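Inspection log for the structure reproduced underneath, given as structure tokens.
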């Protein structure tokens, strides 16, 4: 992941889990260690990263790797407790091995367990700190091939971190404790804390906590160092969410996460381990998300994530693809999308900034729009290799929120996801956008760069499938729908979707499924709802879902239909022009002989000329007939 829009994806052919990744910093390369005990060197200097070298361990299992900054030696620790050294240029074993028994000598009588940590001293790259699972630490001199010091702690070690001066290091343990060690006195740690432990009744011993899986110890020139760790919470809080703890001086901040923490990494101003680290952010990889915490502000806000980490945040229910869009469209959508900064986020720029965002191989911009089950619509730039989210629109905002428990009593026709988007229409030139939702409504949106505070116009349309015209339904006059029985109320199906007549004792008639907000609504720059058109209940039958949608932005018309009929609405004048039952459309008689049912309002004569002018281009010979019926 680089700056927004820059990301690439590659996969190990073996399909083995990835244990660890190490950049060759500023070299455009990456080392990966996988669960099949192989090391791979990836070249990142090409558009699709590729493996240059691989090295497989046959007799040993890899547990930890470390590549010092600007070093050509990669240290590889194993389950048996041995440490191997790989030449990063030739990608072959150097032959130098630190055997576990030589490393610990007689300091403990038993096998020390797998290698859980390797790092070079910030003061001297010829010295290697090795941490073993059972609590043994060895400071190994690579030149003289012997241990400078050995330390032992009776709790298992999970991770180790250096102070930049190279005189002290910190370990995190399985009992939720942090120990701070000085190289001069390795007999015991000079400081031991259990950050989340409570002092027990006897007042002496602190209770043990969950293991601290990883700790980072980062120094600052002008303030106390940061100690950041995952895990370590007390056992009594069984339902506590996975957390990252930030200790800065005496202040302890616990950040609760939505998903389990896989790993985290502190971003610092320098790659050199022997300088003040000056941390400014922490990247936290969660099982289903990636977040970045801003360390420069005391309340530790998170940055708003510009990556499409999870496209299926809400399930995708429909998609549209547009190529050859006007060139200004992507920047315009991106700029209104970027303005939608939510409260509580860091006001700084996203700190990951590598790479250049180019438009990919195509010369034309491509946009994909996805509609989702929760009523949200996302516009994506698809011009590059990966999708880049430009703008998100929540269509559910035009409706009043449903209070829990009201669902049964209201006129809803779907219990789950009443705002799911079923169809979308977009005109990239005029920027008119239209959605049809599962609860039998159509919303027309216009694009504006300015915030407005306005009421949402709404229209209600009756589309009725007349039963009285058919006495005995013959098979051939039933239109070929996939599920005719539930789609056609003429068959009086008793399925749950249509049989909601008796729930209140009153017949539902002329009421829509959802209620549009009546008070003025603040609409930020971007897509703003211009008109909501809703189909209403007819004689106790719910409106059927909209099955087709067409818009002509030049004439300001939207047409939509379902199994009961067709309606044409003028969204400039906010009036229904035509509402016609399926029988009229399928019947043998000319539908224009009878007067189409249109609302008769006094205002409509002004609209008449405009609409006829528009319709005359579609149906020149029928205009006269419509006009006479329309004016009557």
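Numbering (our numbering), first residue to last: 9 to 640.
Idealized CB from N, CA, C, for every residue including glycine.
Predicted model only: the values in this text are computed from it and were never measured.
Give the range of the beta strand (DSSP E) segment to which residue 434 is assigned. Mapped onto the chain shown, residue 434 falls at position 426. Element bounds for residue 434: 429-434.
With a cut-off of 8 Å on the beta carbons, I'd call residue 124 and residue 165 a contact; round off their distance for me. For this step, residue 124 is matched to residue 116 along the chain shown. For this step, residue 165 is matched to residue 157 along the chain shown. Sure, about 6 Å apart at Cβ, within 8 Å.
Can the beta-carbon of residue 404 be found less than 8 Å from the beta-carbon of residue 322? The count along the chain shown starts at 1 and reaches residue 404 at position 396. The count along the chain shown starts at 1 and reaches residue 322 at position 314. Against a cut-off of 8 Å, the Cβ pair of residue 322 and residue 404 comes out as no contact.
Return the residue from the list 548, 460, 9, 559 that minimises the CA-CA distance to residue 55. As a position in the chain shown, residue 55 is number 47, starting the count at 1. The shortest C-alpha separation from residue 55 is found at 9.
Helix or strand or just coil, what does DSSP make of residue 75? Looking up residue 75 in the chain shown gives position 67. DSSP places residue 75 in coil when its eight states are reduced to three.
Would you say residue 439 and residue 538 are within 8 Å of each other, going by their C-beta atoms? In the chain shown, counting from the first residue as 1, residue 439 sits at position 431. In the chain shown, counting from the first residue as 1, residue 538 sits at position 530. Taking 8 Å as the Cβ cut-off, residue 439 and residue 538 do not qualify as a contacting pair.
What did DSSP end up calling residue 554 once you bin it into helix, strand or coil? Residue numbering aside, residue 554 sits at position 546 when the chain shown is read from its first letter. Correct three-state label for residue 554: coil.
Three-state secondary structure (DSSP) at residue 405? In the chain shown, residue 405 corresponds to position 397, counting from 1. Looking at residue 405 - three-state DSSP - the assignment turns out to be helix.
Is the Cβ-Cβ distance between residue 93 and residue 81 less than 8 Å? One-based indexing of the chain shown puts residue 93 at position 85. One-based indexing of the chain shown puts residue 81 at position 73. Their beta carbons are under 8 Å apart, which means residue 93 touches residue 81 by this criterion.
Does residue 48 pass the burial test, meaning 16 or more other C-beta atoms within 10 Å, or should it be called exposed? What you label residue 48 is simply residue 40 of the chain shown in a count that begins at 1. Result: buried.
Tell me whether the beta-carbon of residue 562 lies closer than 8 Å to the beta-carbon of residue 576. Start at 1 with the first residue of the chain shown, and residue 562 comes out as number 554. Start at 1 with the first residue of the chain shown, and residue 576 comes out as number 568. Contact flag unset, no.
By a C-beta neighbour count over all protein chains shown, 10 Å radius and 16 as the cutoff for buried, is residue 480 buried or exposed? In the chain shown, the residue the question calls residue 480 occupies position 472. At residue 480 the pLDDT is 43, less than 50, meaning the model places this residue with poor confidence; the figure from the coordinates comes in the next sentence. Under this definition residue 480 is an exposed residue.
Please confirm if residue 447 has its CB atom under 8 Å from at least one CB of chain D. The displayed structure is made up of one protein chain only, and chain D is not part of it.
Helix, strand or coil for residue 346? Go by DSSP, reduced to three states. Within the chain shown, the letter at position 338 stands for residue 346. Three-state result, residue 346: helix.
Locate the beta strand (DSSP E) running through residue 221, then write down its first and last residues. Reading the chain shown from its first residue, position 213 is the one you call residue 221. Residues 220-226.
Which value, in whole angstroms, describes the spacing of the CA atoms of residue 144 and residue 150? Counting from 1 along the chain shown, the entry for residue 144 is found at position 136. Counting from 1 along the chain shown, the entry for residue 150 is found at position 142. C-alpha separation (whole angstroms): 18 Å.
Count the other C-beta atoms from every protein chain shown that fall within 10 angstroms of the C-beta of residue 656, then say buried if there are 16 or more, exposed otherwise. Lying outside 9 to 640, the shown extent of the chain, residue 656 is not represented and no answer is given.
Beta-bridge pairing of residue 397 - partner residues as DSSP gives them: Working through the chain shown from its first residue, we reach residue 397 at position 389. DSSP, once it has assigned bridges, lists 388 as partnering residue 397.
So if DSSP puts residue 51 in a beta bridge, which residue, or which two residues, is it bridged to? For this step, residue 51 is matched to residue 43 along the chain shown. Residue 51 is bridged to 37, 58.
Any chance you could list the alpha helix (DSSP H) runs of at least 4 consecutive residues sitting entirely within the stretch 106-188, in chain order? 108-112
My output table needs one value for residue 591: the three-state DSSP class, helix, strand or coil. To locate residue 591, count along the chain shown from 1; it is residue 583. The answer is helix: DSSP assigns residue 591 an H, G or I state.
Coarse secondary structure for residue 287, derived from DSSP in three states: Here the question's residue 287 lines up with position 279 in the chain shown. Looking at residue 287 - three-state DSSP - the assignment turns out to be strand.
With DSSP as the reference, label residue 422 as helix, strand or coil. Indexing the chain shown from 1 puts residue 422 at position 414. Residue state, collapsed to three classes: coil.
Which same chain residues, not among the five before or five after residue 528, have their C-beta less than 7 Å away from its C-beta? Along the chain shown, read from residue 1 onward, the residue named residue 528 stands at position 520. Once the five neighbours on either side are set aside, the close Cβ partners of residue 528 are 461, 462, 463.
So what's residue 373 in DSSP terms, helix, strand or just coil? Here residue 373 corresponds to residue number 365 of the chain shown, with the count starting at 1. In the structure shown, residue 373 sits in coil (DSSP, three-state: anything other than H, G, I, E or B).
Count the other CB atoms, across all protein chains shown, that sit within 10 Å of the CB of residue 417; report buried if there are 16 or more and exposed otherwise. One-based indexing of the chain shown puts residue 417 at position 409. Low confidence applies to residue 417: its pLDDT is 47, below 50, so where it sits in the model is not reliable, and the reading given next is rough at best. Classification for residue 417: exposed.
Complete beta strand (DSSP E) runs within the stretch 258-339 (minimum length 3 residues, chain order): 259-264, 269-276, 287-294, 298-302, 324-331
Check for me: the beta strand (DSSP E) holding residue 574 runs from which residue to which? Numbered from its first residue, the chain shown carries residue 574 at position 566. Looking at the DSSP string, the run of the beta strand (DSSP E) that includes residue 574 is 573-578.
What is the rounded straight-line gap between the Cα of residue 51 and the Cα of residue 146? Within the chain shown, residue 51 is the residue found at index 43, counting from 1. Within the chain shown, residue 146 is the residue found at index 138, counting from 1. Using only the alpha carbons, I get a separation of about 34 Å.
For residue 545, which beta-bridge partners are listed by DSSP? Residue 545 sits at position 537 when you count from the first residue of the chain shown. Its beta-bridge partners do not exist; DSSP assigns none.
Do you know offhand how far residue 17's Cα is from residue 191's? Taking the chain shown and counting its residues from 1, one reaches residue 17 at position 9. Taking the chain shown and counting its residues from 1, one reaches residue 191 at position 183. Distance between the alpha carbons of residue 17 and residue 191 is about 42 Å.
Can you list, in chain order, the residues of its chain whose CB lies under 6 Å from that of residue 523, leaving out five sequence neighbours each side? As a first step, residue 523 is located in the chain shown; it is residue number 515 there, counting from the start. Closer than 6 Å at Cβ, skipping near neighbours: 408.
So what does DSSP say about residue 32, is it helix, strand or coil? The sequence position of residue 32 within the chain shown is 24, counting from 1. In this structure, residue 32 counts as strand in the three-state DSSP scheme.
Give the secondary structure of residue 539 by DSSP, where H, G and I count as helix, E and B as strand, and everything else as coil. Looking up residue 539 in the chain shown gives position 531. Residue 539 falls in the strand class under three-state DSSP.
Relative to the alpha-carbon of residue 427, which residue among 435, 353, 401, 434 has its alpha-carbon at the smallest distance? Within the chain shown, the letter at position 419 stands for residue 427. Checked all of 435, 353, 401, 434; the closest Cα to residue 427 is 401.
Just checking my contact of residue 185 with residue 202 at CB under 8 Å: how many whole Å lie between their CB atoms? Within the chain shown, the letter at position 177 stands for residue 185. Within the chain shown, the letter at position 194 stands for residue 202. About 5 Å; that satisfies the 8 Å criterion.
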